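Taking it in order: structure first as structure tokens, then the write-up.
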Amino acid sequence: MVRMATRQQAASTWHDDDLCPKIVKILKVISKETISCKAYMSKPGEYEIHEGTSQFPLSLNSKICSCGAWQLSGIPCRHAIRAMLHAKIDPHKVVSTWYSVKTYKQAYSFGINPIPDKDQWPSFEDIPTIKPPTLKRGVGRPCRNRKREEGEDQKGKRAKTVKCTKYQSNAAKAAAKAAKEASKSSQATEINISQPASSNI
Ligand SMILES: [Zn+2]
Numbered sequence: 001m002v003r004m005a006t007r008q009q010a011a012s013t014w015h016d017d018d019l020c021p022k023i024v025k026i027l028k029v030i031s032k033e034t035i036s037c038k039a040y041m042s043k044p045g046e047y048e049i050h051e052g053t054s055q056f057p058l059s060l061n062s063k064i065c066s067c068g069a070w071q072l073s074g075i076p077c078r079h080a081i082r083a084m085l086h087a088k089i090d091p092h093k094v095v096s097t098w099y100s101v102k103t104y105k106q107a108y109s110f111g112i113n114p115i116p117d118k119d120q121w122p123s124f125e126d127i128p129t130i131k132p133p134t135l136k137r138g139v140g141r142p143c144r145n146r147k148r149e150e151g152e153d154q155k156g157k158r159a160k161t162v163k164c165t166k167y168q169s170n171a172a173k174a175a176a177k178a179a180k181e182a183s184k185s186s187q188a189t190e191i192n193i194s195q196p197a198s199s200n201i
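Those letters in the sequence shown? Residues 1 to 201, by UniProt numbering.
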């Protein structure tokens, strides 16, 4: 309530057609940053702003700068102000109406009803305290699984995947090859074991 009142009082001395003082300060800071920019007009209202090695297409007609700051904040960026200086347009006139004194006054025009201090509240000692209701346990075991939404995958089921037949055949080939090699090696070990036994005989 105090904030509403102080802002309302402060705004009462401002002119409706002006911008809020804070926004005027921000514009001053941004205007100083235009030193690093150079404006090149392609046609009336359309510019290309060069800043260092970067370049920004800018439209004063549609209030758009490719850096995005102007559209985002409603306050012209340094590129836009540089183009406005070239086009001899006052940047204060282009700032969004969100930052006008008229809008500010509208925002703080609604008063909040004043409330007394906590010590002045009426006492509630005579009123009985209301306890929360006792919880009743339902019939049967409580459900442990979460109720899933319609269309949601059930627990443990995986999403369907498309299997590649080529990959499968390659995998099958590889498995068969491995099995063949394993059987060969087992045969070889059997022979090795049987040879010393025959020499003894
Ligand atoms: Zn910009």
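Just so you know, even glycine gets a beta-carbon here, dropped at the ideal spot from N, CA and C. As the structure is a computational prediction, the values presented were derived from the model and not from experiment.
Leaving aside the five residues before and after Cys77 along the sequence, list all residues of the same chain whose C-beta is less than 8 Å from its C-beta, in chain order. Excluding its 5 nearest sequence neighbours in each direction, Cys77 has C-beta neighbours in its own chain below 8 Å: Ile30, Cys65, Cys67, Ala69 and Trp70, listed in chain order.
Is the closest heavy atom of ligand 1 to the C-beta of Phe110 under 7 Å? False, no ligand heavy atom lies under 7 Å from that Cβ.
Check whether the Cβ of His92 sits closer than 7 Å to any heavy atom of ligand 1, and report yes or no. Result no, Cβ not under 7 Å from ligand 1.
Just to confirm, are Glu48 and Gln55 a CB contact at a threshold of 8 Å? Yes. Within cutoff.
Taking only three categories from DSSP, how would you classify Leu60? Here Leu60 sits in coil by DSSP.
Looking at ligand 1, does it come within less than 7 Å of Trp121, judged from the CB to the closest heavy atom? Short note on Trp121: C-beta not closer than 7 Å to any heavy atom of ligand 1.
Nearest-angstrom Cα separation, counted from Asp126 out to Leu135: Rounded to the nearest whole angstrom, the CA to CA distance from Leu135 to Asp126 is 27 Å.
On the premise that Tyr108 lies in contact with Ala11, defined as a C-beta separation below 8 Å, what is that separation, rounded to the nearest angstrom? Confirmed, about 6 Å.
Contacts around Met4, its chain only, beta-carbon distance under 7 Å, and the 5 residues preceding and following it disregarded: Cβ within range, chain order: Tyr108, Gly111 and Ile112.
CB of His50 within 8 Å of CB of Lys38, strictly: Contact: yes.
With DSSP collapsed to three states, give me the class of Gln8. Taken through DSSP and simplified to helix, strand or coil, Gln8 comes out as helix.
With ligand 1 as the reference, list in chain order each residue whose Cβ lies under 6 Å from any of its heavy atoms. In chain order, the hits are Phe56, Cys65, Cys67, Ala69, Trp70, Cys77, His79 and Ala80.
Taking the straight line between their C-alpha atoms, what separation do you get for Glu149 and Arg137? Approximately 25 Å, taken between the alpha carbons.
Jot down the residue ranges of each uninterrupted alpha helix (DSSP H) in the region 70-138, minimum 4 residues, whole runs only, in chain order. Taking 4 residues as the minimum length, the alpha helix (DSSP H) runs contained wholly in the region 70-138 are 78-87 and 101-107, in order along the chain.
Report yes if the C-beta distance between Asp16 and Val95 is below 8 Å; otherwise report no. Taking 8 Å as the cut-off, the Cβ atoms of Asp16 and Val95 do not count as close.
Quick one: Cα of Met84 to Cα of Ile23, how far? Taking the straight line joining both Cα atoms gives about 17 Å.
Please work out which residues of its chain come closer than 6 Å, Cβ to Cβ, to Arg61, disregarding the five sequence neighbours upstream and downstream, and give them in chain order. Here residue 61 turns out to be Asn, not Arg, going by the sequence shown. Excluding sequence positions up to five before and after Asn61, its CB lies within less than 6 Å of the CB of Gly45, all in the same chain and listed in chain order.
Please state whether DSSP places Lys155 in a helix, a strand or coil. If DSSP states are grouped into helix, strand and coil, Lys155 belongs with coil.
For my contact list, Ile81 and Thr34 are in at a C-beta cut-off of 8 Å; report their separation, rounded to the angstrom. Contact between Ile81 and Thr34 holds: their C-beta atoms lie close to 5 Å from each other, under 8 Å.
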